[in-house]
Amino acid sequence: MFKKLAIAVPMTLLALSASMAFAAEQTRSSINISANIPTYDFHAQPVDPNFGKDEKMAWNVVSETLSPLRATYDIRHTLGSVHAYMEGGPQPLFNGINNIPLYYTFNGVTLTASSKEVVSDAASNGGMRADLVITAGPPANGQTGLYTANPVVIFDAVPRI
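Letter 52 of the sequence shown, counting from 1, is numbered 51 in numbering that gives the first Met the number 0, and no numbers are missing.
As structure tokens, then:
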């Protein structure tokens with residue numbers, strides 16, 4: 000009996016210590032969480048919280064055009080209309096040498112460096128969704144390479160008069 004116990008106890012301790020060694024290892028997964036809850040009176044933000052982080056215009060080899068970008072925005076202004084403009088004017092795609100023009104429309108209104116009404120007072124009161132569409136002009140022959148742009152759309156809450 001003592002012989003069995005003398006063998007069983009060390010084997011049990013060995014098994015437990017091995018499993019404890021496996022349990023002692025850890026892996027961690029960091030999760031960054033954010034929530035943007037806009038004010039009730041005015042907000043203009045993309046429905047997709049990832050829009051604008053890394054957008055790509057795909058090249059269509061058949062039509063030799065770049066695909067448009069489209070993002071739906073939630074818009075509300077309970078105290079008037081919403082105006083928008085492109086900060087610094089419409090930004091082109093640029094590769095360090097050449098430009099490809101980009102055209103920006105919001106809710107069907109072409110955006111420029113000047114503020115324009117994009118959602119009327121009546122439409123913005125209850126809140127609505129509207130699309131931002133970015134299209135590229137045709138590149139010139141021989142324009143190749145990586146092109147980038149960093150446009151900024153500014154939304155203004157314009158009070159009713």
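Glycine included, every Cβ here is placed at the ideal spot set by N, Cα and C.
If you're wondering where the values come from, they're calculated on a predicted model, not measured in any experiment.
Taking Cβ to Cβ, would you say histidine 76 is nearer than 8 Å to lysine 115?
-> Not a contact, by the Cβ cut-off of 8 Å.
Considering only residues of the same chain and omitting the five flanking positions on each side of asparagine 149, which have a CB-CB separation below 7 Å?
-> Gln90
Please go through the same chain and pick out, in chain order, the residues whose beta-carbon is closer than 8 Å to the beta-carbon of arginine 128, but skip the five residues on each side of it.
-> Sequence-distant Cβ neighbours of arginine 128 in its own chain, meaning closer than 8 Å and more than five residues away, are Val46, Thr71, Tyr72, Asp73, Ile74.
According to the neighbour-count rule (16 or more other Cβ atoms, all chains shown, within 10 Å of its Cβ), is glycine 79 buried or exposed?
-> buried
Range covered by the beta strand (DSSP E) that runs through serine 80 | 79-85
What does lysine 115 pair with, by DSSP beta-bridge criteria?
-> Ala83
Under 8 Å between the Cβ atoms of leucine 110 and valine 151?
-> no
In or out: leucine 145 buried (at least 16 other Cβ within 10 Å) or exposed?
-> exposed
Report, in whole angstroms, the separation of the C-beta atoms of leucine 131 and phenylalanine 105, which I expect to be a contact under 8 Å.
-> Yes, they are in contact, since the Cβ atoms of leucine 131 and phenylalanine 105 sit about 5 Å apart, within 8 Å.
Quick one: what does DSSP say aspartate 163 is sitting in, helix, strand or coil?
-> Nothing about residue 163 can be read from this structure; the chain reaches only from 0 to 160.
Aspartate 73 lies in the beta strand (DSSP E); which residues open and close that run?
-> Note, aspartate 73: beta strand (DSSP E), 68-76.
For the alpha helix (DSSP H) that contains alanine 121, what are its first and last residues?
-> 120-124
Which residue from Gly87, Ser29, Phe50, Thr64 puts its Cα closest to that of alanine 112?
-> Gly87
At which residues does the beta strand (DSSP E) containing isoleucine 153 begin and terminate?
-> Isoleucine 153 -> beta strand (DSSP E) spans 152-158.
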